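Visitor: Taking the UniProt record's numbering, the leading residue of the sequence shown gets 1, the next gets one more, and so forth.
Think of the CB as a built atom: it goes at the ideal place given N, C-alpha and C, for glycine as much as any other residue.
Predicted, not measured: the structure shown is a model, and the values here were computed from it.
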Amino acid sequence: MESSCEESSAIVATFSRKDKRMTQNVSKRQKRRRESGYIVNNNNEEEEEVEEKILALQKIVPGGETLGVDMLFEETAGYILQLQCQVKALKVLASFVEGNDKQRMKLGG
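(1) Express the C-alpha separation of N100 and L93 in angstroms, rounding to a whole number.
(2) Residues in the same chain with beta-carbon distance under 6 Å from C5, minus the five sequence neighbours each way, listed in chain order, please.
(3) Taking the continuous alpha helix (DSSP H) assigned at G99, which residues delimit it?
(4) Suppose contacts are defined by Cβ-Cβ distances below 8 Å. Is I54 in contact with L67 by that definition?
(5) Which class does G64 belong to by DSSP, given the choice of helix, strand or coil?
(6) Measuring only the C-alpha atoms, how far is Y79 from V61?
(7) For E2, count neighbouring C-beta atoms within 10 Å of its own C-beta (all shown protein chains included) and say buried if the count is 16 or more, exposed if not.
Printed below as a string of structure tokens:
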């Protein structure tokens with residue numbers, strides 16, 4: 001179980017490096033579109049909705065209030081992986097306890 005959690009952490013690190021490159025490419029593309037007039041109207045409602053979601057995410061992720069958006073997304077990915085590992089561990093523990101209970105019932109205890 002630990003190895004899959006460690007592998008997940010390595011995957012997050014790989015994606016975060018790729019994400020930084022992709023973010024740079026996207027921002028260059030957005031700048032070109034803005035300069036060319038491709039983006040005519042920035043929708044303030046959409047921006048406000050995104051901002052609200054980022055604020056909510058900052059409240060959920062431990063230490064998220066102090067992070068910028070890029071680091072917040074990286075921390076969120078790591079936090080999700082940690083939660084998944086905890087769920088796996090709890091499932092194993094629950095099945096172990098359930099197995100012990102069934103064994104006791106068979107033995108009459």
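Guide: By the coordinates alone:
(1) Those two C-alpha atoms are separated by around 11 Å.
(2) Cβ neighbours of C5 beyond the five flanking positions: C85.
(3) Its alpha helix (DSSP H) spans residues 69-107.
(4) In this structure, L67 does not lie closer than 8 Å to I54 by Cβ.
(5) G64 falls in the helix class under three-state DSSP.
(6) Their backbone Cα atoms lie some 7 Å apart in a straight line.
(7) Per-residue confidence for E2 stands at a pLDDT of 49, beneath the threshold of 50, marking its modelled position as unreliable; no derived number is given.
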